[in-house]
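Asks: Read in the working numbering, the sequence shown has 293 at position 205, and its numbers run on one by one without any break. Cβ atoms here follow ideal geometry from the backbone N, Cα and C, with glycine treated the same way. The structure presented is a predicted model; accordingly, all values stated were derived computationally and were not measured.
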Amino acid sequence: MGLVALGVTGGIGAYKAVEVARGLQKRGHEVVAVMTHSATRFVGAVTFEAITRRRVITDQFEDGMNADIEHIALASTIDLLLIAPATANIIGKLANGIADDFLSTLYTATRAPLLIAPAMNTQMFAHEAVRRNLDTLAARGARFVEPGEGYLACGWIGKGRLAEPDEIVAAADAILRPEGPLRGQRVLVAAGPTYEDFDPVRYIGNRSSGRMGYAIAAEAARRGAAVTLVTGPTTIEAPAVREVVKVRGAGEMHQAVMARAGGMDVVVMAAAVADYTPVNRAAQKVAKDADTLTLVLKKTPDILGELGQRRLAAGSGPVLVGFAAETEDVIAHASAKRERKHADLIIANDVSRTDAGFDVDTNAVTIVAASGAESLPLQSKARVAAAILDRVERLLTSRAIKA
Ligand code: C5P
89 MGLVALGVTG GIGAYKAVEV ARGLQKRGHE VVAVMTHSAT RFVGAVTFEA
139 ITRRRVITDQ FEDGMNADIE HIALASTIDL LLIAPATANI IGKLANGIAD
189 DFLSTLYTAT RAPLLIAPAM NTQMFAHEAV RRNLDTLAAR GARFVEPGEG
239 YLACGWIGKG RLAEPDEIVA AADAILRPEG PLRGQRVLVA AGPTYEDFDP
289 VRYIGNRSSG RMGYAIAAEA ARRGAAVTLV TGPTTIEAPA VREVVKVRGA
339 GEMHQAVMAR AGGMDVVVMA AAVADYTPVN RAAQKVAKDA DTLTLVLKKT
389 PDILGELGQR RLAAGSGPVL VGFAAETEDV IAHASAKRER KHADLIIAND
439 VSRTDAGFDV DTNAVTIVAA SGAESLPLQS KARVAAAILD RVERLLTSRA
489 IKA
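(1) Residues bridged to S468 by DSSP?
(2) So, at 6 Å on beta carbons, what are the nonlocal neighbours of V315 in its own chain, with the 5 sequence-adjacent residues on each side left out?
(3) With respect to 7 Å, is the separation between the Cβ of M352 and the closest non-hydrogen atom of the ligand C5P below this value?
(4) Along the chain, which unbroken stretches of the beta strand (DSSP E) at least 3 residues long are found entirely within the stretch 301-338?
(5) Please state if the CB of D432 and the CB of R299 are separated by a distance shorter than 8 Å.
(6) Tell me the DSSP bridge mates of A436?
(7) Taking Cβ positions, are L169 and L222 nearer each other than 8 Å?
(8) Could you say which of R141, G116, A163, I171 lies nearest to A127 if we only look at CA atoms?
(9) Return yes when at least one heavy atom of the ligand C5P lies under 7 Å from the C-beta of T365, else no.
(10) Give a single yes or no on whether L392 has its beta carbon closer than 7 Å to a heavy atom of the ligand C5P.
(11) If you reduce the DSSP assignment to three classes, tell me which class T210 lands in.
(12) Can you check DSSP and say which residues form a bridge with Y496?
(13) First and last residue of the beta strand (DSSP E) that includes V275?
(14) Would you check whether the ligand C5P has a heavy atom nearer than 7 Å to the C-beta of K425?
(15) Tell me whether A93 sits in a helix, a strand or coil according to DSSP, three-state version.
(16) Which residues share a DSSP beta bridge with S463?
(17) Quick one: grab the DSSP three-state call for F130.
(18) Look up K181 in the DSSP assignment and say whether it is helix, strand or coil.
(19) For the ligand C5P, is there a heavy atom less than 7 Å away from the beta-carbon of A305?
(20) Please state whether the Cβ-Cβ distance between V131 and L94 is less than 8 Å.
(21) In angstroms with no decimal places, state the Cα-to-Cα distance between P173 and P206.
(22) Counting C-beta neighbours from all protein chains within 10 Å, is the total for N368 16 or more, i.e. buried, or is it exposed?
(23) Given 7 Å as the limit, tell me if P389 has its C-beta closer than that to any heavy atom belonging to the ligand C5P.
(24) What is the rounded straight-line gap between the Cα of R311 and the Cα of A474?
(25) In the structure shown, what three-state DSSP assignment does M346 receive?
(26) Of the choices A424, T146, R143, E340, whose alpha-carbon is the least far from that of A279?
(27) In this structure, what does DSSP give as the bridge partners for Y291?
(28) Out of Q467, A458, S459, which one is the CA nearest neighbour of D452?
(29) Find out if the Cβ-Cβ distance for the pair P204, T97 is shorter than 8 Å.
(30) Count Cβ pairs between the stretch 405-418 and the stretch 350-369 that sit closer than 8 Å; are there 3 or more?
(31) Kindly indicate which residue of K247, V439, A227 has the alpha-carbon position closest to the one of P235.
(32) If you draw a straight line from the C-alpha of R487 to the C-alpha of G293, how long is it?
(33) F411: beta carbon under 7 Å from a heavy atom of the ligand C5P?
(34) Between A278 and the ligand C5P, is the CB less than 7 Å from at least one heavy atom?
(35) Indicate the three-state DSSP secondary structure (helix, strand or coil) for V144 in the structure shown.
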C-alpha cells in the first residue's frame with residue numbers, strides 16, 4: 089500500500105478528484121491532497137480533508153509551517169505523485185521546472201513516479217505548446233491517463249475531459265502495486281442477485297447481497313488483476329476495479345458475461361442468477377383483482393453451464409469458478425454441479441446456516457475441485473475470497489506450466 093500525493097489543479101473536473109481519493113483509499117492507499125490555489129475555487133479543501141483525514145496542503149506559505157521542510161519531507165515519503173485533473177498550466181510548469189507553488193515544488197523535489205490525468209479544452213489539449221510539454225514529461229518518465237472525448241464543460245465536443253475516476257485509480261494502483269500475483273490477468277466476477285420483472289413495478293428476486301462476489305473482485309484487483317465486475321442490483325458499494333457493469337435481470341447478466349468472457353483468464357460466477365424468469369412482462373401494473381395470481385416462468389440461460397460448454401468445445405478458455413448454494417448434501421451436490429457445468433472450482437455454501445451465506449459478512453464454504461473437496465472454517469468473506477483466489481492462482485500456474 090502506498091502514500092499518494094494527489095495534486096488537484098483548477099479544472100472543472102476537480103470534483104472528480106474526490107472520487108479518485110476515495111478509490112485510492114478503497115484499494116488500501118493513503119492519500120494526501122495538495123490543491124493549487126485555483127483548485128480551491130472548484131472544490132473546498134474541507135471535502136478532501138474529511139475524506140483523506142489529513143490536512144490538505146493548499147499553500148506553500150501557510151502560517152505555522154516551515155514550507156521548505158514540509159515539501160521536502162512529503163517529497164521523500166510519497167510513493168506516487170498523481171495529478172488529477174492536470175491543467176495546461178501545471179503541465180507547463182512541471183515540464184519547464186517552474187516551482188512557484190507547493191504542487192510544482194513538490195514535483196521538482198520528489199523522485200516518486202508521476203502520473204498525470206490531463207483535463208482541458210480540446211483546443212488547449214491539441215495546442216503545440218501543451219503537446220510539447222506533455223512530450224517533455226513523457227520523456228522524463230511521466231505516465232498519463234488520457235482524457236476522454238465528449239461534451240466538455242466549456243461547450244466544445246472533443247478530447248479533453250478528465251478520465252473517469254475508476255480509470256485513474258486503476259492506473260495509479262498499477263504503478264503502486266507492480267508485483268501483484270494476478271498482474272496481467274483479466275478476471276470477470278459476476279455478483280449480486282438478478283431481478284426478474286413481471287410488470288413495471290414488481291419483480292422476482294433473491295436474497296443475495298453481492299458481498300461475496302464484491303470481496304472476490306476487490307481481492308483480485310488488490311492482487312493486480314484487471315477486474316470486470318458484472319453486478320446485479322445491490323445496496324453495497326462496488327470496489328474500485330477496472331470496469332463495473334450494472335445489470336438487472338438474468339438475461340442482461342447473461343449478455344454482459346458472454347460478451348466479455350472470451351477475453352478473460354478467469355470468470356467467477358458468484359452471482360445468484362435467477363433460475364426462472366416470467367415468460368411475459370406486463371406493460372402495465374398487474375391489478376390485484378383476483379385472489380390468486382399465476383405467473384408462468386421459464387428457465388433462464390445457465391451462464392456458467394454455457395461458459396463450460398463453450399470452453400469444452402473450444403478446448404481452451406478461462407478458469408471457471410461457480411458457487412453452489414445448498415441446504416443438504418452440500419459436497420455431493422456441489423461435486424455433481426462442477427462436473428455438469430464443466431467448471432474448475434465450485435464453492436459450496438451451506439445456506440441453511442445463519443452465520444454464513446446471505447447478507448452476512450462471514451461465510452463457511454467448501455472448495456470443490458477435480459482433485460477433491462476442502463472445507464474452510466467460518467471466516468470473513470474477504471478471507472474466503474483470498475482462499476478462493478489462492479486456488480485460482482494455482483490453477484493458472486499449472487496451466488502455464490502445461491502450455
Ligand atoms: O445450477 P445452480 O444455479 O445451482 O448453479 C449455481 C452457479 O451457477 C453459480 O455460480 C451461479 O452464479 C451460476 N448460474 C449461472 N446461470 C444461471 C444460474 C446459476 O451462471 N442461470
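Replies: Checking against the coordinates, here is how it stands:
(1) Position 380 of the sequence shown, counted from the start, is the residue given in the question as residue 468. DSSP, once it has assigned bridges, lists T450 as partnering S468.
(2) In the sequence shown, the residue the question calls residue 315 occupies position 227. Counting only Cβ-Cβ distances below 6 Å, and skipping sequence neighbours, we find V275, A305, A308, A309, V329, R330.
(3) Residue numbering aside, residue 352 sits at position 264 when the sequence shown is read from its first letter. No.
(4) Entirely contained in the stretch 301-338, the beta strand (DSSP E) runs reaching 3 residues are, in chain order, 314-319, 331-334.
(5) Taking the first residue of the sequence shown as position 1, residue 299 is located at position 211. Taking the first residue of the sequence shown as position 1, residue 432 is located at position 344. No; because the gap between Cβ atoms is not below 8 Å, this pair is not in contact.
(6) Position 348 of the sequence shown, counted from the first residue, corresponds to residue 436. Per the DSSP secondary-structure output, A436 pairs in a beta bridge with A412, T454.
(7) One-based indexing of the sequence shown puts residue 169 at position 81. One-based indexing of the sequence shown puts residue 222 at position 134. In this structure, L222 does not lie closer than 8 Å to L169 by Cβ.
(8) Within the sequence shown, residue 127 is the residue found at index 39, counting from 1. The option with the nearest alpha carbon to A127 is I171.
(9) Here residue 365 is taken as the residue at index 277 of the sequence shown, counted from 1. T365 has its CB no nearer than 7 Å to any heavy atom of the ligand C5P.
(10) The residue given as residue 392 occupies position 304 in the sequence shown. Yes; taking the cut-off as 7 Å, the Cβ of L392 has a heavy atom of the ligand C5P nearer than that.
(11) Walking along the sequence shown from the start, residue 210 turns up at place 122. In the structure shown, T210 sits in a helix (DSSP, three-state: H, G or I).
(12) Any question about residue 496 goes unanswered here, given that the chain covers just 89 to 491.
(13) To locate residue 275, count along the sequence shown from 1; it is residue 187. Here the beta strand (DSSP E) through V275 covers 274-279.
(14) The sequence position of residue 425 within the sequence shown is 337, counting from 1. For the ligand C5P, at least one heavy atom lies less than 7 Å from the Cβ of K425.
(15) By one-based count along the sequence shown, residue 93 stands at place 5. In the three-state reduction of the DSSP assignment, A93 falls in the strand class.
(16) Here residue 463 refers to the residue found at position 375 of the sequence shown. DSSP output for S463 lists T454 as bridge partner(s).
(17) Within the sequence shown, the letter at position 42 stands for residue 130. Residue state for F130 is assigned as coil, using DSSP reduced to three classes.
(18) As a working note, residue 181 is residue 93 in the sequence shown. Collapsing the DSSP output to three states places K181 in a helix.
(19) Translated into positions along the sequence shown, residue 305 becomes position 217. Not under cutoff, so the answer is no.
(20) Within the sequence shown, numbered from 1, the residue matching residue 131 stands at position 43. Within the sequence shown, numbered from 1, the residue matching residue 94 stands at position 6. In this structure, L94 does not lie closer than 8 Å to V131 by Cβ.
(21) Here residue 173 is taken as the residue at index 85 of the sequence shown, counted from 1. Here residue 206 is taken as the residue at index 118 of the sequence shown, counted from 1. Annotation: P173 to P206 spans about 6 Å, alpha carbon to alpha carbon.
(22) Counting from one through the sequence shown, the residue named residue 368 turns up at place 280. An exposed status is given to N368, since fewer than 16 other beta-carbon atoms sit within 10 Å of its beta-carbon.
(23) In the sequence shown, counting from the first residue as 1, residue 389 sits at position 301. Answer for P389: yes, Cβ within range of the ligand C5P.
(24) On the sequence shown, residue 311 is found 223 positions in, with the first residue counted as 1. On the sequence shown, residue 474 is found 386 positions in, with the first residue counted as 1. Taking the Cα positions, R311 is about 10 Å away from A474.
(25) Working through the sequence shown from its first residue, we reach residue 346 at position 258. Three-state DSSP puts M346 in a helix.
(26) On the sequence shown, position 191 is the one that residue 279 refers to. Checked all of A424, T146, R143, E340; the closest Cα to A279 is E340.
(27) Walking along the sequence shown from the start, residue 291 turns up at place 203. Under DSSP, Y291 takes part in a beta bridge, and its partners are D285.
(28) Along the sequence shown, one-based indexing puts residue 452 at 364. According to the sequence shown, residue 452 is Ala rather than Asp. Out of Q467, A458, S459, Q467 has the C-alpha closest to the C-alpha of A452.
(29) For the purposes of this step, residue 204 is taken as residue 116 along the sequence shown, with counting starting at 1. For the purposes of this step, residue 97 is taken as residue 9 along the sequence shown, with counting starting at 1. Pro is not the amino acid found at residue 204; the sequence shown has Ile there. Contact: no.
(30) Under the Cβ criterion (8 Å, minimum of three pairs), the stretch 405-418 counts as touching the stretch 350-369.
(31) Counting from one through the sequence shown, the residue named residue 235 turns up at place 147. The shortest C-alpha separation from P235 is found at K247.
(32) Residue 487 sits at position 399 when you count from the first residue of the sequence shown. Residue 293 sits at position 205 when you count from the first residue of the sequence shown. Distance from the CA atom of R487 to the CA atom of G293, rounded to whole angstroms, is 37 Å.
(33) Here residue 411 corresponds to residue number 323 of the sequence shown, with the count starting at 1. Yes - the ligand C5P has a heavy atom lying nearer than 7 Å to the Cβ of F411.
(34) Along the sequence shown, read from residue 1 onward, the residue named residue 278 stands at position 190. The answer is yes for A278.
(35) In the sequence shown, residue 144 corresponds to position 56, counting from 1. It is coil, neither helix nor strand.
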